[in-house]
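As structure tokens, the structure follows; a few thoughts come after it.
Residue numbers (the numbering used here), protein chains in the order written: chain A, 1 to 308; chain B, 1001 to 1308.
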């Protein structure tokens, strides 16, 4: 199936949303966040900025913006919801990088937060970003109907919590044998929670903001699940076949840890076939939107075929 | 000023709310929280239960319940909001106890969570409780008006975040000289953020739930600030004069760390005088409620005069 969005147009849209998200996060994390009369805990603010600003594809905010565009939602509202989601994503990276968790020293070619600052500051900056997300997602500018903002808020809590991302990270550590014997891993479920839940949230956020019909909501939910799984399989494939320079991190990490991944479960050829099937599912889910789904179709391809 | 609530009545009310909160948290943290089709990350659920169940005075939920009672708010709604606040409180204790933070081994006479489990589980259980709080606080049962739930949610994020509790913890660590030279400490501001913000939230939650007038809201805000400061001064005094057995923890810790506290700033007599002044402020703030403020008046005394 061909998509109506050229790779050039897609790249431009992705870049524009990344730029707008960067500017919005910079403003949300500026000192004006705190009322004047309160002493400013500068160190934690700086640490939050260090981990949230300075790039990245901003894929999750992009999904919020583009799923919102399907319903003609105001861009400013979608960007704000996307920024809240990005705060959750950034906090999860900070906490996952800690010595007690994955013990990572580099992220995007820079020292991880706890290496740049210290563990206490990293824990607090993560807690601060997680909490800030729930401050942002409730704001009046996101939607005039408070019920819509509440739905967005609760869905964000569910995607991020123990039934979503936090739970997925726990299953991942258990599967690595961190708490005794390796626990058996259901890769698809683990990844649905650990990385899938936030990506899927990005896709249903537009349906919530756009007050979609049940059928439209379900379509974006199906699309989001397919995209989330394709994202993770691509990640697992990059760890085996990717270019360390392009990735900005070592490859072969999963094998070194003896991790169960989509590639160990399906093999390389099987994993690639599964990605292809998932792209078909994503396209099928979007069919009810016709041409309005073109950018999301391109997004699924981008996620599946990315080189970093 | 005499209070219309006898110490026996007060103790009964406090115990009853603690029991109800315990039962509610146990149900919120039961396995039914996760949909059946999702693998249960049992370890993190157990860790969340270990740290949230099994006692404590549940002072913060009590404040939510009693400030709500002033306006005739349904007890079930207040208990739910109180449980959300308690989740935030419990998460903060878990993260504060970590080796990278205060490195505490005991809490309420039991091993702290990271000693009972491990650091990774403690970080995730804290993240899980923090996120769960925002799931709970948005629930329909809390109030029929979504605007009220949104106000409660945003106020909770503000009280917990870098302008509140998280920021206060950072200032506290900086004041201990954890990041180089000891930074100068404004004790009143630090404690307004670190411990005061959540206690104050407990007091204004009733005003939000009860859709109070601006004047009534302000009264509970003033009361909450006075109570929060009195709580902390009492804490500082207990560290100097308290009974380690009754407290269930070592005394003299602040002096050992060379911390700036209300006692080092005001002296023992000055600190006691300040508590007395704050109780006067709390009473004055409650005067517009007449007899409806009796239990809150007793709560301020309880907080100021507690032995543990």
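Beta carbons: idealized from backbone N, C-alpha and C, even for Gly.
Interface partners of residue 166 of chain A on chain B, CB under 7 angstroms: Position 166 of the first chain, counted from the start, is the residue given in the question as residue 166 of chain A. Simply 1044, 1124, 1127, 1128, 1131.
Collapsed DSSP secondary structure at residue 1173 of chain B in the structure displayed: The count along the second chain starts at 1 and reaches residue 1173 of chain B at position 173. In the structure shown, residue 1173 of chain B sits in a helix (DSSP, three-state: H, G or I).
Residues from the stretch 1207-1224 of chain B in contact with chain A, defined by Cβ distance under 7 angstroms: none
Cβ of residue 95 of chain A within 8 angstroms of any chain B Cβ: Position 95 of the first chain holds residue 95 of chain A. It does: the Cβ of residue 95 of chain A has a partner Cβ on chain B nearer than 8 angstroms.
Environment of residue 1268 of chain B [buried if 16+ CB atoms lie within 10 Å]: The residue labelled residue 1268 of chain B in the question sits at position 268 within the second chain. Its Cβ having fewer than 16 others within 10 Å, residue 1268 of chain B is exposed.
Supposed close pair residue 223 of chain A, residue 282 of chain A - CB separation, criterion 8 angstroms: The sequence position of residue 223 of chain A within the first chain is 223, counting from 1. The sequence position of residue 282 of chain A within the first chain is 282, counting from 1. So it is a contact: roughly 5 angstroms between Cβ atoms.
Environment of residue 1250 of chain B [buried if 16+ CB atoms lie within 10 Å]: For the purposes of this step, residue 1250 of chain B is taken as residue 250 along the second chain, with counting starting at 1. Residue 1250 of chain B comes out exposed.
Residue 1067 of chain B: first and last residue of the uninterrupted alpha helix (DSSP H) it sits in: The count along the second chain starts at 1 and reaches residue 1067 of chain B at position 67. Element bounds for residue 1067 of chain B: 1059-1069.
Neighbour flag for residue 260 of chain A against chain B, beta carbons, 8 angstroms: As a working note, residue 260 of chain A is residue 260 in the first chain. No, its Cβ sits nowhere closer than 8 angstroms to a Cβ of chain B.
Test: residue 200 of chain A CB closer than 8 angstroms to a CB of chain B: On the first chain, position 200 is the one that residue 200 of chain A refers to. It does not: the Cβ of residue 200 of chain A has no partner Cβ on chain B nearer than 8 angstroms.
Cross-strand partners of residue 107 of chain A (DSSP beta bridge): Here residue 107 of chain A corresponds to residue number 107 of the first chain, with the count starting at 1. Looking at the DSSP assignment, residue 107 of chain A forms a beta bridge with A/110.
C-alpha gap between residue 234 of chain A and residue 307 of chain A, whole angstroms: Here the question's residue 234 of chain A lines up with position 234 in the first chain. Here the question's residue 307 of chain A lines up with position 307 in the first chain. When rounded, the distance between both Cα atoms is 9 angstroms.
For residue 1190 of chain B and residue 1177 of chain B, the rounded distance between their alpha carbons: What you label residue 1177 of chain B is simply residue 177 of the second chain in a count that begins at 1. What you label residue 1190 of chain B is simply residue 190 of the second chain in a count that begins at 1. Going from the Cα of residue 1177 of chain B to the Cα of residue 1190 of chain B covers about 15 angstroms.
For residue 1079 of chain B, the nearest candidate out of B/1092, B/1014, B/1051, B/1246 (CA to CA): Mapped onto the second chain, residue 1079 of chain B falls at position 79. Ranking B/1092, B/1014, B/1051, B/1246 by Cα distance to residue 1079 of chain B puts B/1014 first.
DSSP three-state assignment for residue 73 of chain A, whether helix, strand or coil: As a working mapping, residue 73 of chain A is identified with position 73 in the first chain. In the structure shown, residue 73 of chain A sits in coil (DSSP, three-state: anything other than H, G, I, E or B).
Three-state secondary structure assigned by DSSP to residue 185 of chain A: Taking the first chain and counting its residues from 1, one reaches residue 185 of chain A at position 185. Residue state, collapsed to three classes: coil.
Residue 1044 of chain B beta carbon less than 8 angstroms from that of residue 1131 of chain B: As a position in the second chain, residue 1131 of chain B is number 131, starting the count at 1. As a position in the second chain, residue 1044 of chain B is number 44, starting the count at 1. Contact flag unset, no.
Cβ neighbours of residue 1064 of chain B in the same chain (closer than 7 angstroms, five flanking residues each side left out): For the purposes of this step, residue 1064 of chain B is identified with residue 64 of the second chain, where counting begins at 1. Excluding residues within five positions, the ones whose Cβ falls inside 7 angstroms are 1078, 1081, 1082, 1085, 1202, 1205, 1206.
Proximity test, Cβ basis, 8 angstroms: residue 1243 of chain B and chain A: By one-based count along the second chain, residue 1243 of chain B stands at place 243. Judged by the 8 angstroms Cβ criterion, residue 1243 of chain B is not in contact with chain A.
Under 7 angstroms (Cβ pairs) to chain B, residues found in the stretch 150-166 of chain A: 150, 153, 154, 157, 158, 160, 161, 162, 163, 166
Between the CA atoms of residue 272 of chain A and residue 56 of chain A - distance to the nearest angstrom: For this step, residue 56 of chain A is matched to residue 56 along the first chain. For this step, residue 272 of chain A is matched to residue 272 along the first chain. C-alpha separation (whole angstroms): 25 angstroms.
Exposure of residue 1108 of chain B, with buried meaning 16 or more beta-carbon neighbours within 10 Å: As a working note, residue 1108 of chain B is residue 108 in the second chain. Burial call: exposed.
Nearest residue (CA-CA) to residue 1159 of chain B, options B/1226, B/1117, B/1111, B/1200: In the second chain, counting from the first residue as 1, residue 1159 of chain B sits at position 159. For residue 1159 of chain B, the nearest C-alpha among the options comes from B/1200.
Cα-Cα separation between residue 1226 of chain B and residue 1279 of chain B, rounded to whole angstroms: Position 226 of the second chain holds residue 1226 of chain B. Position 279 of the second chain holds residue 1279 of chain B. Approximately 7 angstroms, taken between the alpha carbons.
Helix, strand or coil at residue 323 of chain A according to DSSP, with G and I counted as helix: Nothing can be reported for residue 323 of chain A, as the shown portion of chain A is limited to 1 through 308.
Local conformation of residue 116 of chain A per DSSP, three classes: For the purposes of this step, residue 116 of chain A is identified with residue 116 of the first chain, where counting begins at 1. It is helical.
Status (buried if at least 16 other CB within 10 Å, exposed otherwise) for residue 1157 of chain B: On the second chain, position 157 is the one that residue 1157 of chain B refers to. Buried, by the Cβ-count rule.
Collapsed DSSP secondary structure at residue 1047 of chain B in the structure displayed: In the second chain, counting from the first residue as 1, residue 1047 of chain B sits at position 47. The answer is helix: DSSP assigns residue 1047 of chain B an H, G or I state.
Any C-beta of chain B under 8 angstroms from that of residue 135 of chain A: Along the first chain, one-based indexing puts residue 135 of chain A at 135. With 8 angstroms as the cut-off, residue 135 of chain A counts as an interface residue toward chain B.
Ordered list of alpha helix (DSSP H) runs contained in the stretch 1233-1299 of chain B, each at least 4 residues: 1244-1247, 1253-1257, 1262-1286
C-beta neighbour in chain B for residue 83 of chain A, strict 8 angstroms: Start at 1 with the first residue of the first chain, and residue 83 of chain A comes out as number 83. No, because no Cβ of chain B sits closer than 8 angstroms to the Cβ of residue 83 of chain A.
Buried or exposed by the 16-neighbour rule on C-beta atoms within 10 Å, applied to residue 1214 of chain B: The count along the second chain starts at 1 and reaches residue 1214 of chain B at position 214. The residue in question, residue 1214 of chain B, is exposed, as its Cβ has fewer than 16 Cβ neighbours within 10 Å.
Residue 178 of chain A at chain B interface by Cβ criterion, 8 angstroms: Counting from one through the first chain, the residue named residue 178 of chain A turns up at place 178. Yes, its Cβ sits closer than 8 angstroms to a Cβ of chain B.
Option in A/105, A/18, A/218 with minimal Cα separation from residue 286 of chain A: Position 286 of the first chain, counting from 1, holds the residue named residue 286 of chain A. Closest option to residue 286 of chain A, Cα to Cα, is A/218.
Interface positions of the stretch 1269-1283 of chain B facing chain A (Cβ-Cβ less than 9 angstroms), listed along the chain: none
Test item: CB-CB of residue 94 of chain A and residue 151 of chain A under 8 angstroms: As a first step, residue 94 of chain A is located in the first chain; it is residue number 94 there, counting from the start. As a first step, residue 151 of chain A is located in the first chain; it is residue number 151 there, counting from the start. No, the Cβ-Cβ distance between residue 94 of chain A and residue 151 of chain A is not below 8 angstroms.
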